[in-house]
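Engineer:
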Amino acid sequence: MSDQPKYHRILLKLSGEALMGDADYGIDPKVIGRLADEIIEVQRIGVQIGIVIGGGNIFRGAGLAAAGMDRVTGDHMGMLATVMNALAMADAIEKRGGYARVMSAIQIHDVAEDYIRRRAIRHIEKGRIVLFAAGTGNPFFTTDSAAALRAVEVGADLLLKATKVDGVYTADPARHADATRYEQLTYGDVIQRNLQVMDTAAIALCRDHGMPLRIYDMTVPGSLMRIMRGESIGTLVDG
Ligand code: UDP
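Residue numbers (our numbering): 7 to 245.
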């Protein structure tokens, strides 16, 4: 297999839940450390990396609204949660000798740079791992939409969604023993079959801009590197 990575620039979407390990809230330093190791390893073979992190391990606007809070306030809290996660990931990357920058979609100057597309691309070109925080900066969106948006904006050649399942299945594999995994789907398939891959806004953006998406299991160590080397693990959505 060639030493050259298959991808030049990727956008990695990590859910907030991915950071909490076996706990039901917050950040597990071991989990974030392992993810940072894998991300740096891939950066060192020449892949340029942007990351969007969710906030579901701390707050979600919809959950707060269900408990009686104003939805927009809840979404602001959710976006701030993603900033905390991005700071933690940047710290883990830098502790391991990598270079990271946190860019926020809402202004929060004492802790993060503002998201400015050209500056973000410049950081990425210089080998810095850019953490796009605060989602899209707007309530009623999700970090899946933010990931699709940033992937298109910075010209990524692949959007990766890291989950705890090894791809997209015909049914929930935890409840249906006969569920099978799709190796490849089109965006049309995802919409028609109402597959829960990402939210509709994110799927529509990827489809309209021809952004390939791979869903993979980030709990299996080494998966990110295998994808960068060209292995088809998980499910690819393209076309
Ligand atoms: N959020 C938002 N606008 C965005 C992205 C996120 O308002 O563009 C808020 C929303 O409340 C969301 C929370 O931030 O529930 C955390 O993001 P998300 O639920 O996407 O995180 P994940 O499920 O990936 O951990």
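Note that beta-carbon positions come from the ideal geometry of N, C-alpha and C, so glycine has one too.
Whole angstroms are fine: how far does the CA of Leu219 sit from the CA of Leu242?
Structural biologist: Stepping through the sequence shown from its first residue, residue 242 is reached at position 236. Stepping through the sequence shown from its first residue, residue 219 is reached at position 213. Their backbone Cα atoms lie some 6 angstroms apart in a straight line.
Engineer: Along the chain, where does the beta strand (DSSP E) that runs through Asp223 open and close?
Structural biologist: As a working note, residue 223 is residue 217 in the sequence shown. Its beta strand (DSSP E) spans residues 219–223.
Engineer: Report back the beta-carbon spacing between Ala140 and Met85 to the nearest angstrom; my notes put them in contact at under 8 angstroms.
Structural biologist: Mapped onto the sequence shown, residue 140 falls at position 134. Mapped onto the sequence shown, residue 85 falls at position 79. Sure, about 4 angstroms apart at Cβ, within 8 angstroms.
Engineer: For Glu119, does the three-state DSSP call read helix, strand or coil?
Structural biologist: Sequence index remark: in the sequence shown, residue 119 carries index 113 (1-based). Correct three-state label for Glu119: strand.
Engineer: Taking buried to mean at least 16 other C-beta atoms within 10 Å of its own C-beta, is Thr176 buried or exposed?
Structural biologist: As a working note, residue 176 is residue 170 in the sequence shown. Classified as exposed, Thr176 has fewer than 16 neighbouring CB atoms from the shown chains inside 10 Å of its CB.
Engineer: Just checking Arg66 against the ligand UDP - is the residue's beta carbon closer than 6 angstroms to any of the ligand's heavy atoms?
Structural biologist: Residue mapping note: residue 66 aligns to position 60 of the sequence shown, counting from 1. Yes, Cβ of Arg66 sits closer than 6 angstroms to a heavy atom of the ligand UDP.
Engineer: Out of Val226, Glu131, Ala208, Gly240, point me to the one whose CA is closest to Ile55's CA.
Structural biologist: Position 49 of the sequence shown, counted from the first residue, corresponds to residue 55. That would be Glu131, whose Cα lies nearest to the Cα of Ile55.
Engineer: Short check: CB of Asp205 to CB of Thr148, under 7 angstroms?
Structural biologist: For the purposes of this step, residue 205 is taken as residue 199 along the sequence shown, with counting starting at 1. For the purposes of this step, residue 148 is taken as residue 142 along the sequence shown, with counting starting at 1. In this structure, Asp205 sits near Thr148, with a CB-CB distance shorter than 7 angstroms.
Engineer: Roughly how many angstroms separate the alpha carbons of Met217 and Ala68, rounded to a whole number?
Structural biologist: Here residue 217 corresponds to residue number 211 of the sequence shown, with the count starting at 1. Here residue 68 corresponds to residue number 62 of the sequence shown, with the count starting at 1. Met217 and Ala68: Cα-Cα distance of roughly 27 angstroms.
Engineer: Quick check for students: name the residue ranges of the alpha helix (DSSP H) that lie wholly in the stretch 148–192, counting only runs of 4 or more.
Structural biologist: 149–159
Engineer: Pick from Val58, Ala87, Ile59: whose alpha carbon is nearest that of Leu70?
Structural biologist: In the sequence shown, the residue the question calls residue 70 occupies position 64. The candidate whose alpha carbon is nearest that of Leu70 is Ala87.
Engineer: Bridge partners of Thr79, per DSSP?
Structural biologist: As a working note, residue 79 is residue 73 in the sequence shown. Beta-bridge pairing links Thr79 to no other residue.
Engineer: Going along the chain, which residues of its own chain have a beta-carbon closer than 8 angstroms to the beta-carbon of Ala185, five neighbours each way excluded?
Structural biologist: Here the question's residue 185 lines up with position 179 in the sequence shown. Tyr175, Thr176, Ala177, Asp178, Pro179, listed in sequence order.
Engineer: Would you say the stretch 225–236 touches the stretch 44–62, given that touching needs at least three Cβ pairs under 8 angstroms?
Structural biologist: yes
Engineer: Answer with buried or exposed for Tyr31, where buried requires no fewer than 16 other C-beta atoms within 10 angstroms of its C-beta.
Structural biologist: Translated into positions along the sequence shown, residue 31 becomes position 25. Classification of Tyr31: exposed, given that the 10 Å Cβ count is below 16.
Engineer: For Ala208, is the classification buried or exposed, using 16 other Cβ atoms within 10 angstroms of its Cβ as the cut-off for buried?
Structural biologist: In the sequence shown, counting from the first residue as 1, residue 208 sits at position 202. Under this definition Ala208 is a buried residue.
Engineer: Would you kindly work out how many angstroms separate the C-alpha atoms of Gly61 and Arg213, rounded to a whole number?
Structural biologist: Within the sequence shown, residue 61 is the residue found at index 55, counting from 1. Within the sequence shown, residue 213 is the residue found at index 207, counting from 1. Going by the C-alpha atoms only, they are around 25 angstroms apart.
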